[in-house]
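Numbering (the working numbering), first residue to last: 1461 to 1694.
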């Protein structure tokens, strides 16, 4: 019998920046659902100053990559993915927890359809509601309302809500992009398009990734049986 380790079935990749209080619940929710022998957890610390890095150094199950500065969300994930070796990349934030069975449901959905380049979960937010998803790709007007704060100031606006699908599971078979807080991607698809565009320091890098994946011929979907709890509320 060979003593060689099994090849990783799954690579969990996340970017950490001053997330000390979120690390343990995040890691425990992952470890409760995966086989450590076939799962690698790659965490990129983007220059944390709150002790996050020191906590992660004490976790033997974590492959820790230490940045000396905050290079941005997409750039951090690209760095983590460069160290990942599995054919499946589970890209996520550390401010979420996977509900029971979520990771298996994501993997099963991706593996069932070779045309899928990525699959995302249903995202639960504070209060138990579902995080709405954009119906399409954001345009200039949407981006302007987001960055100027109008979207947060007028959350009940009919114009703003027209951009969102508040029950994304209804059209789970096809999505224009996957929420940046959590998505499972085929490594070959992710690398073929060059990963995240690092010109997006934070926000909309997930929309851009989805656009380029679909333009390359891949399809994106949701796994209705996979749920995560996102602390930041989307």
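Note that beta-carbon positions come from the ideal geometry of N, C-alpha and C, so glycine has one too. All values derive from a computational prediction rather than experimental measurement.
Next item on the list: Throw me the rounded Cβ distance for the residue 1677 and residue 1638 pair, which I believe falls under 8 Å.
Entry: Not really, about 16 Å apart at Cβ, beyond 8 Å.
Checklist line | Residues sharing a beta bridge with residue 1529, DSSP | finding: In the DSSP output, where bridge partners are listed per residue, residue 1529 has none listed.
Checklist line | Simplified DSSP assignment, three categories, for residue 1506 | finding: strand
Next item on the list: In the DSSP assignment, find the unbroken alpha helix (DSSP H) run with residue 1675 in it and report its ends.
Entry: Residues 1665-1675.
Check: Who are the near neighbours of residue 1479 in its chain, counting only those whose CB is closer than 6 Å to its CB and skipping five residues on each side?
Finding: 1512, 1554
Notebook entry, point to check: Distance, Cα to Cα, residue 1649 vs residue 1561?
Noted result: 25 Å
Checklist line | Chain-order list of residues whose beta-carbon lies under 7 Å from that of residue 1557 (same chain, five-residue window excluded) | finding: Within the same chain, residue 1557 has close Cβ partners 1485, 1486, 1489, 1688, 1689.
Margin query: At the level of alpha carbons, what is the spacing between residue 1668 and residue 1540?
Written below: For residue 1668 and residue 1540, the distance between alpha carbons rounds to 19 Å.
Check: By a C-beta neighbour count over all protein chains shown, 10 Å radius and 16 as the cutoff for buried, is residue 1496 buried or exposed?
Finding: exposed
Check: Pick from 1509, 1510, 1533, 1468: whose alpha carbon is nearest that of residue 1642?
Finding: 1533
Next item on the list: May I ask you to list the residues that DSSP assigns as paired with residue 1499?
Entry: 1470
Check: In chain order, what residues of the same chain lie with their CB nearer than 8 Å to the CB of residue 1545, ignoring the 5 residues before and after it?
Finding: 1467, 1468, 1471, 1500
Next item on the list: Would you please state the rounded distance, in angstroms, between the beta carbons of residue 1502 and residue 1525? I believe it to be under 8 Å.
Entry: Going by Cβ atoms, the distance from residue 1502 to residue 1525 rounds to 7 Å, so yes, they are a contact pair.
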